[in-house]
Structures are given as C-alpha cells and as structure tokens.
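Here's the structure we're looking at; comments come further down.
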Amino acid sequence: MAVKIGELLLKHNLITQEQLQEALELQKQNGSKIGQNLVQLGYVKEEDITNLLSQQYGIPSVDLSQFEEIDANLLKLITAEVAQKYMVFPVNRTGANLVLAMADPTNVFAMDDIKFMTGYNIEPVVASEAAIRQAIDTHYGTTTDLELKEIMDEAASTGQLEGADQDIETVEEEEGVDVHTLEAAAEEAPVVRLVNLLITDAIKKEASDIHIETYEKEFRIRFRIDGVLYEVMKPPYKLKDAIVSRVKILAKMDISEKRLPQDGRIKLKMNIEGRHREMDFRVSCLPCLFGEKIVMRLLDKEGLQLDMTKLGLEPISYERFKKAIYKPYGMVLVTGPTGSGKTNTLYSAMADLNRTDVNILTAEDPVEFNMPGINQVQMKDQIGLNFAAALRSFLRQDPNIILVGEVRDFETAEIAVKAALTGHLVMSTLHTNDAPTTISRLMNMGVEPFLVATSVNLIMAQRLVRRVCRECRDVQNIPPQALVDIGFTPEEAKEVKPVKGKGCNICNGTGFKGRTGLFEVLEVTDDVRELILCGASALEIRDKAKEQGMLTLRYSGLAKIKNQVACMEEVVRETVL
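Per this note's numbering, residue 314 is the first one in the sequence shown, and the count goes up by one each step.
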C-alpha cells in the first residue's frame, strides 16, 4: 500500500512528485509508511487519505471518535495485539459479518487472518491510522499497559517474579552488594524492555519527569505531566533492584553504591512513531528508607520554547523584560521555585541575544540544552569548579553577556554584581517567592544595598500553570462575588467568563494540555533605587512598583483567566493576592 497511496495522491493532484520523493526518502530513513510521512510533513491530512481510499475502493469511511461505547464481547473477538499488528478496530457485528475499521482496506492478509481467528466474514470500512491508534488506546488500554502485561508475563515465565506476591515483612539494610548479580538482573530482557518502554511512553505523553520510587511494600512509577504527578504503573516489588540498577547503568552511575546520592545523564537516540529523536535525561538517585528513589528529568530539545513572544508575558511585561536584556550592562534576575520555567525563560532571552558580534558565556549546573554559538560551562563542585570560580574565569574571557545558573551564596552574588557594574550584562536565577523579596534576599546574602540598587536592572518572578484544553473547555458558571474575591473588579467580574476542561482524548481526560507562565516584572527605576538605598521593606518596594505599572503574579493569572487560557483553580493555587 505504501507506493499505491503515494501514486493515488499524486494521481489526484493532492501532492507533487517532489513531495512524494521527499516522503520516500523519509521512508528509507525511518521505515515508516508513505502516508504517515506525508501527513507528518504536512503535505496532506489524515482525512484526505481516508476519503481517497474510500472513493478509490468503494468502501465507506467511518469516524471512530463517534463510537464512545464498544461492546466488550466485540473487543474480545480481536485481541489488542492483533488490532495493533494490522492497525484495525472492530466497529460492529451483524449476523455472520464483522464490520472492521482498517487503515489499509486492501490488506487481504489481515482480513483472512481475522476471518480465520473470529469465524466471521469481514466487512472493511476505512479509518485513519491515528483514529485507529486512539481507539485502541481508549478501548483496550494504552500501548504501555499492553506491553507491560507482556513483559510481566515474560518475567514471570523466567521465574524472575517468584515470591513477588508475598507480603514483605522487613527490609534488611544491605551490608554488601553483589555487583555481578545486580548487573545480570539489570540486563534481563524483561527489565531492559520495561525501562525502554517507560522512557518511550514518558516521551509520548510529554512528561517532564519520571519518578521511580520504592516503599516498604510497594514499588511504583509516576510521570509528571504539565506539573502534576500521575501514577502510571506498579511493577512487581521483586523487580525494584533490577529496574533501579538498569537506570543507573544507563546513567553511568556506580550500581554498587547504595548509600550516597548520585547524579548522572543518559543520552539516547530513539525512533518514536517513525521519527528519529535525540533525548537527554538528567538522572538523580537518592537513597531512601526502603531503597533508592530515581528521578529522571526529560530534556527534550524539540519541546524547548525559545520564542519569547510565546512564553505568556503580558505586553507591558514583555516590553520591560526585552528592554532590560538589551541593555549593555546590569543584572537581570529571574526568580521562582524549582520547576517554574526559569531556565526556559533565560534560554529564550539568550536565543534572542545570540549574534555573531556578541560573546555569551554560561555557568550552569547542569547544562540542560546545548545552544550553538553560546559557550556553556558545566559546573563540577568535586574539582572546585563552582559558580564563583567560573565567574572569576569568565571575566578574563572578554564576555558581553554572562549567564549564571543560580546565585546561591555571597561569593557568587558579589562577583556577579561586580561583573554587572563593570560593563557586562549578567543574567541569573534565584529562589524567592516574588520579585520585591529578591532584593531582600540579596541583602541577606551580604550584598550591600548600594550595590544592589546600582547593579540590578530588572527582576522577574514567574510560575507555571496548566493550560485549559482547547478541545474540551467549557464556560463555568461562577458567581461574580467569587471572581471579586480572587482579585477581579466588580465590573470585570460581570464580563469575565472563566473556563474549565471537561476532559477528552486529547488531554487524556485531565482537562489540561500544556502550560503557560505567570509573570511579575519589577523594573528597577530611579524611585525603586531610592527605596532600596533607604532600606525600604519588600512591601514598600512592591507598592511603588505597582504604582509604576508592575503587574503582580495574581494579576497575570487573572489576565489568563480572562483570556480563557487558565482556570481559576490553577491561578489561585499558584498565586496570592
């Protein structure tokens, strides 16, 4: 069918010869189907292929999204494995006939096999491959669930799960570790497949972190998706050491060391749904009471958003931030808790500033993404290469712009301030609750008020909230007083129409898809500098900044509610009045 569909699309002038050739070249690289490649390249839509096949072979097409409920007995006729193998889905059964949705209605081998297995005559209808995959995931369970069952069955058949169902009474602390036994267990086929499946599924679900956790009687794996943790599986308890060891081997950690925390990195080249992707994983291993906890941070270059206009900044905040990063010297600080998107914001700023006439140096721990044209340095505390040491060296490298991963101590803060006062633009991050308290934090570190006042140009606090799914969002009926209570004016409360996601296949039933930022941009004007020099409190600085047009984190959240980007619960959870 691969060549046929290409020829059919060409014959009906839906694609050009050059586009077909490009899809054929892509097929040679990844082995995927021509139709799938053409859709991926954006030359045709799934519906175009479905309609063309329907017309060409006189077979009706079907919209599988309309079939919300499928008879369980119908699903038993064709196993999930067979449905995935032939890319088919049972739709209906009448008498001796079975209506079968097929991505390739010309696949007579598939129809013959299914006819033999079920004893029914096959009536094919056409559906897109994406729709069939979605139907299989919805009605049979996800690909992960199906493959996990196979892996567990395989592990059980090899005796690897023997005793897995027994109650765990005590967990003895291990004095010695048999490294050879751990390595052998980690290389067992079921364990290797399970870890590979785990990584692949996390990428498909756009997870940011994988948590592998061991408790007294339980071993579980969770994904963080859009900032929220979801439990995805509970492998048998007996597999815990093998799975942890497999991840540690991939991350080049010492598998015999179980008493101290370790950090590692995994670099993989993966073929996911016909696409070649390079993925980096930052891996952290922490010894806990009943075993080791592994957290894998997914660093996806394709998911990195480097367009500042798409971060979610309000127009006035965007203009102030852009003006600050284009100044020739001074400090720009981005603050917020871990996982609030600070690194993404700074990378976006650097991408905007990255030109051939500018020398940019970064000190990061760790370097999350490689950016061509920017000199990035990985910190190594064990050999004395920390932020302060790197900064001292940077000043002898003729830099224009310096990025420091985080200002953690007085020494780093002091050198960063001096660099900002001697003709360099310095960008860095801090962990504070909001923009005004960042000034107090620097002073608490030991930086003199006059140095803070003269070096800092702008401070931006940020948070991430989940976006309401566009496909299933629905207007909420919220009393105006409730809107006033969270910060809207009475006039605004009458006009605002908050939304919330109902849950659909696109967002996996959560009602959320993706995240956006909330921003509080404090521009250090002359009036604010005067307050800093006078030793004013963070509250006084905040009031002055608001007078001069600063939008608070809560106000930024209200703007997202007003524009139907975020829901009330998310904004209230992440911000305060």
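Just so it is clear, CB atoms sit at the ideal spot from N, CA and C, and this is done for glycine as well.
Note that this is a predicted model, so its numbers are computed, not measured.
**OP:** Starting from ALA795, follow the alpha helix (DSSP H) in both directions and report where the run begins and ends.
**Re:** 793 to 798
Original post:
Between the segment 627 to 642 and the segment 533 to 546, do at least 3 Cβ pairs fall closer than 8 Å?
Top reply: no
Subject >> Distance between GLN369 and LEU611 (C-alpha atoms, nearest Å) >> reply: 44 Å
Subject >> Unbroken stretches of the alpha helix (DSSP H), 4 residues or longer, contained in the segment 538 to 597 >> reply: 553 to 563
Original post:
What are the start and end residues of the beta strand (DSSP E) that includes GLY643?
Top reply: 643 to 648
Original post:
Taking the C-alpha atoms as reference points, what is the distance between GLY274 and ARG783?
Top reply: This structure gives no information on residue 274, because the portion of the chain shown stretches from 314 to 890.
Original post:
Where does ILE745 sit, in a helix, a strand or coil, going by DSSP?
Top reply: Looking at the sequence provided, one finds Thr at residue 745 rather than Ile. Residue state, collapsed to three classes: coil.
Subject >> Among ASN386, ALA440 and ILE449, the one whose alpha carbon lies nearest that of THR431 >> reply: Of the residues ASN386, ALA440 and ILE449, the one whose Cα lies closest to the Cα of THR431 is ASN386.
Subject >> Backbone CA spacing between ASN876 and ILE772 [nearest angstrom] >> reply: 25 Å
Subject >> Inter-residue spacing [alpha-carbon to alpha-carbon] between GLY319 and LEU333 >> reply: 6 Å
Original post:
Taking Cβ positions, are PHE896 and ALA520 nearer each other than 8 Å?
Top reply: Residue coverage of the chain in this structure runs from 314 to 890, which leaves residue 896 outside it and unanswerable.
**OP:** Within the segment 686 to 752, note down every full alpha helix (DSSP H) run reaching 4 residues or more, in order along the chain.
**Re:** Listed in chain order, the alpha helix (DSSP H) runs fully inside the segment 686 to 752 are 700 to 707 and 723 to 734, counting runs of at least 4 residues.
Original post:
Which runs of the alpha helix (DSSP H), 4 residues or longer, sit entirely within the segment 322 to 390?
Top reply: 330 to 343, 347 to 354, 359 to 370 and 385 to 390
Original post:
Counting along the chain, where does the beta strand (DSSP E) carrying MET415 start and finish?
Top reply: 410 to 415
Original post:
When you compare only the Cα positions, how much space is there between THR622 and TYR453?
Top reply: 41 Å
**OP:** Figure out for me which residue from VAL778, ALA729 and ILE714 has the closest Cα to the Cα of LEU903.
**Re:** Residue 903 cannot be examined here, being either before or after the span of the chain that is shown, 314 to 890.
Original post:
Contact check, ARG867 vs ARG828 under 8 Å by CB: the rounded distance?
Top reply: Incorrect: roughly 18 Å between the Cβ atoms, too far for contact.
Subject >> Cβ-based burial, ASP417 [other Cβ within 10 Å; buried from 16] >> reply: It counts as buried.
Subject >> Close-in-space but distant-in-sequence residues of the same chain around ALA477 (CB under 7 Å, 5 per side omitted) >> reply: Here the model assigns ALA477 a pLDDT of 35, short of 50, so the residue's position is not dependable, and the following value carries that caveat. For ALA477, where only same-chain residues beyond five positions count, the Cβ hits under 7 Å are PRO549, TYR550 and LYS551.
Original post:
Going by the beta-carbon positions, is the gap between MET756 and ALA662 smaller than 8 Å?
Top reply: no
Original post:
Apart from the five residues just before and just after PRO762, which ones in its own chain have a Cβ nearer than 8 Å to its Cβ?
Top reply: Cβ-Cβ distances below 8 Å link PRO762 to MET756, ILE845, LEU846 and GLY848 in the same chain, with the five nearest sequence neighbours on each side left out; the list follows chain order.
Subject >> Of the residues ARG578, HIS744, ILE629 and TYR433, the one placed nearest ILE607, counting alpha carbons only >> reply: ARG578
**OP:** Starting from the Cα of PRO712, find the closest Cα among ALA732, ILE696 and ASP361 and give me that residue.
**Re:** ALA732
**OP:** For ASN405, I'd like the list of residues in its chain whose CB is within less than 7 Å of its CB, leaving aside the five on either flank, ordered along the chain.
**Re:** VAL412
Original post:
Roughly how far, in whole angstroms, is the beta-carbon of GLU335 from the beta-carbon of LEU323, given that I think they are within contact range, below 8 Å?
Top reply: Not confirmed; about 13 Å, so no contact.
**OP:** From the DSSP output, read off the bridge partner residues of GLU436.
**Re:** According to DSSP, which records beta bridges pairwise, GLU436 is partnered with VAL412.
Subject >> Complete beta strand (DSSP E) runs within the segment 762 to 796 (minimum length 3 residues, chain order) >> reply: 769 to 781 and 786 to 788
Original post:
Apart from the five residues just before and just after THR483, which ones in its own chain have a Cβ nearer than 7 Å to its Cβ?
Top reply: Because THR483 carries a pLDDT of 30, less than 50, the predicted location of this residue cannot be relied on, and the following value inherits that uncertainty. Taken in chain order, the list of residues that qualify is empty.
Original post:
Between ILE874 and the ligand HEM, is the CB less than 7 Å from at least one heavy atom?
Top reply: Although the ligand HEM was asked about, the structure shown includes no ligands whatsoever.
Original post:
Between the Cα of LYS530 and the Cα atoms of LEU602, ASP539 and ARG559, which residue gives the shortest distance?
Top reply: Looking at the Cα atoms, LEU602 is the closest of the given residues.
Original post:
Roughly how many angstroms separate the alpha carbons of ASN434 and THR407, rounded to a whole number?
Top reply: About 10 Å.
Original post:
If you draw a straight line from the alpha carbon of GLU442 to that of ASP576, how long is it in whole angstroms?
Top reply: Rounded to the nearest angstrom, the gap between the Cα atoms of GLU442 and ASP576 is 40 Å.
Original post:
Can you list, in chain order, the residues of its chain whose CB lies under 6 Å from that of LYS561, leaving out five sequence neighbours each side?
Top reply: Cβ-Cβ distances below 6 Å link LYS561 to ILE568 in the same chain, with the five nearest sequence neighbours on each side left out; the list follows chain order.
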